[in-house]
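Residue numbers (the working numbering), protein chains in the order written: chain W, 118 to 492; chain P, 414 to 591.
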Amino acid sequence: MEPTRDDQLIADLQALRPTPRPQFTAELDARAAAGFPRRSWLPQTLPSLPPLRLLIPAGGAAAILLAIVFALSTGGGSDSNAPEQQGSSSGLLSQVEKVPDHAVPEPSASAGEASAAGEASGAAAEVESSVPAAPERTLASKAPAAVPFHHRDVERSAEITLAADPKDVDDDAARVFEAVHANNGIVMRSSTQEGRPGEAGATFDLLIPSAKLDDAMAAFSDIDAVRSRHEATADITAPTVASAELLKESRARIDSLLAQLEAAETEEEQEAIEAELRHERRHAGRLATQLSHLHKRADYSRVSLRIETGGKESSDGGGAWGIDDALDDAGHVLTVAAAVTLIALAVLAPIALIALLAWLGHRAWVRRERRRVLS
Amino acid sequence: MEQTLVAEAKDAPREADLAFDRLYRSSRDDVYAYVAGLLRDATAAEEVTAAAFERAYRKRNRFDPRRGEPRAWLFGIARNAALDELRRRGRQAELAAEPADPRTLAADEGAEHSERRLAVSVALERLQPGERELIALKFFAGLENREIARVLGTSESNAGTKLHRAMTKLREACDGTD
């Protein structure tokens with residue numbers, strides 16, 4: 118049987134089929150047996166690049182880490198403002214908080230303000246003996262060297278809010294009194310209100326010896342669940358030293374006037390000295406009062422304590438950590454995790470979109486170029 | 414046509430390696446023939462063939478049998494590698510009609526065979542590059558129409574139609590050279 122023309126053509130084509138060199142096939146077989154070791158265009162000394170499937174998760178993890186750092190840094194900044202806002206609401210102190218003992222902030226009251234104080238007290242002598250004298254020029258200049266470093270007069274204040282059930286308000290109030298008395302404090306004002314959740318509650322304005330403020334705050338925190346807590350400090354060393362210095366000078370002036378009075382020879386001269394003496398004694402009295410006031414501000418801390426009812430922080434556990442707290446904490450953790458994830462997605466999504474578009478564009482370009490090669 | 418199977422990605426790596434080894438041994442010369450026919454450069458064909466097998470080996474665990482046969486998958490990789498080589502060299506694809514010089518054919522085949530095959534080789538060069546690639550896939554690499562369709566990304570009937578047209582043109586070109 119004669120082969121058809123197509124059969125002949127096919128046979129000719131198959132005869133034209135290129136065949137590889139035996140040396141090439143042997144080398145390729147060897148490479149196949151070795152698992153096709155990579156023939157990188159990079160120098161062999163360079164480490165091989167990780168595959169894309171490792172780079173993508175690594176990049177994602179890095180982005181999430183950056184987002185967490187960003188979220189934490191942003192969150193810390195906003196939190197730092199909160200105590201200041203609370204501190205300003207107390208109206209007790211300046212905005213300076215947690216002043217270290219060696220720091221010298223600007224005085225909250227100047228020496229001149231001391232003249233506006235009320236009547237004198239006997240505390241001036243005590244302060245004079247405890248506070249070293251400082252040069253007047255340094256007081257006026259408010260320089261760091263103006264105040265000795267070994268003693269600081271620091272005024273402290275605190276606010277604490279407890280969450281309680283309405284039925285526990287009375288008991289909690291009684292425990293507040295006990296804690297105040299145990300720490301030698303003074304209840305300046307107290308108010309207790311009974312009623313439904315949200316209405317019932319109590320408020321206290323307290324004076325606590327500054328040396329026992331930490332113990333008192335710890336005792337208050339143990340009474341019930343703490344809804345909020347805020348403490349502030351203000352350095353009042355400068356006005357205290359200034360007042361003491363002025364008082365010292367005033368008393369020296371009084372002594373001088375008394376000596377002049379003894380030496381006066383005429384009645385007119387005596388009357389003039391006595392008038393000046395009365396004026397100087399009033400001035401010394403005001404300074405002593407101011408100094409006593411400053412001293413009390415340093416010795417006693419004002420504490421504003423509130424017991425509130427209603428709200429999710431109120432718990433039956435009386436401050437003990439329970440299921441509700443665990444659920445609250447879990448919710449908080451999930452919220453933070455969701456926020457971090459959202460930030461990470463906000464960072465990753467545009468990058469991923471750009472990368473996807475670039476990849477699709479490159480792929481389309483490659484395909485078009487491959488088609489062009491055969492066209 | 415010898416059939417090989419590549420193990421699914423979920424199978425053990427050992428099985429995937431064995432399956433790839435079978436695919437390599439059954440397709441090595443076919444891939445070279447196709448690439449050499451496309452590039453018309455034996456040295457470049459060797460490089461591209463090796464690169465194609467290397468790429469396929471790296472991707473062997475990502476092969477999805479549901480998307481086609483292993484040979485079609487392998488020839489798709491080889492085709493992309495060959496076209497990339499042509500792009501890199503910045504020249505148009507010239508499907509070789511004479512990777513094997515007909516004048517070097519076995520002497521015992523006779524002068525008539527040599528002349529006829531030389532005519533076929535010249536006729537191949539007159540075809541469009543895409544048509545020559547079809548013939549290379551079919552008669553150099555030995556792919557079936559459904560495999561050619563998978564490699565070219567078209568339907569089997571369309572691949573068959575194009576192949577028939579290419580063969581018709583080749584036959585007419587051979588007649589023209591006689």
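A virtual CB, placed ideally from N, CA and C, is assigned to each residue, including glycine.
Note that the structure is a prediction, hence the values are computed from the model and not measured.
Residue 150/W versus 439/P, 554/P, 430/P and 574/P, residue with shortest Cα-Cα distance: 430/P
Chain-ordered chain W contacts of residue 561/P [CB-CB under 9 angstroms]: Correct list: empty, because the minimum Cβ distance to chain W is about 14 angstroms.
Beta strand (DSSP E) runs wholly inside the stretch 297-374 of chain W, at least 3 long, in chain order: 303-310, 318-326 and 342-352
Span separating the alpha-carbon of residue 425/W from that of residue 402/W: 43 angstroms
Supposed close pair residue 391/W, residue 375/W - CB separation, criterion 8 angstroms: Incorrect: roughly 10 angstroms between the Cβ atoms, too far for contact.
Residue 571/P, buried or exposed, once every other Cβ within 10 Å from all chains shown has been counted against 16: exposed
Residue from 410/W, 471/W, 381/W and 329/W whose Cα sits closest to the Cα of residue 299/W: 329/W
Residues near residue 312/W by beta carbon distance below 7 angstroms, same chain, minus five either side: 283
Contact check, residue 537/P vs residue 583/P, beta carbons under 8 angstroms: yes
Chain W within 8 angstroms of residue 576/P, Cβ atoms only: no
Cutoff 8 angstroms: residue 149/W Cβ touching any chain P Cβ: yes
Cα-Cα separation, residue 180/W to residue 321/W: 49 angstroms
Stretch pair the stretch 456-465 of chain P + the stretch 555-574 of chain P: three plus CB contacts closer than 8 angstroms: no
Residues in the stretch 128-146 of chain W having any Cβ partner in chain P nearer than 7 angstroms: 129, 130, 131, 132, 133, 134, 135, 136, 137, 141, 142 and 145
Own chain partners of residue 346/W with C-beta closer than 8 angstroms, once the 5 adjacent residues on each side are dropped: 275, 276, 277, 278, 334 and 338
Separation of residue 286/W from residue 280/W, as counted between CA atoms: 9 angstroms
The stretch 528-546 of chain P: positions lying closer than 7 angstroms to chain W by Cβ: 529, 530, 533, 534, 542, 543 and 546
Assigned secondary structure, residue 279/W (DSSP; H/G/I helix, E/B strand, else coil): strand
Distance between residue 587/P and residue 580/P (C-alpha atoms, nearest Å): 10 angstroms
Residue-level contact to chain P via CB, residue 470/W, 8 angstroms cutoff: no
Buried versus exposed, by CB contacts within 10 Å (16 or more), residue 479/W: exposed
Reference residue 138/W, options 546/P, 456/P, 548/P and 532/P, closest by Cα: 456/P
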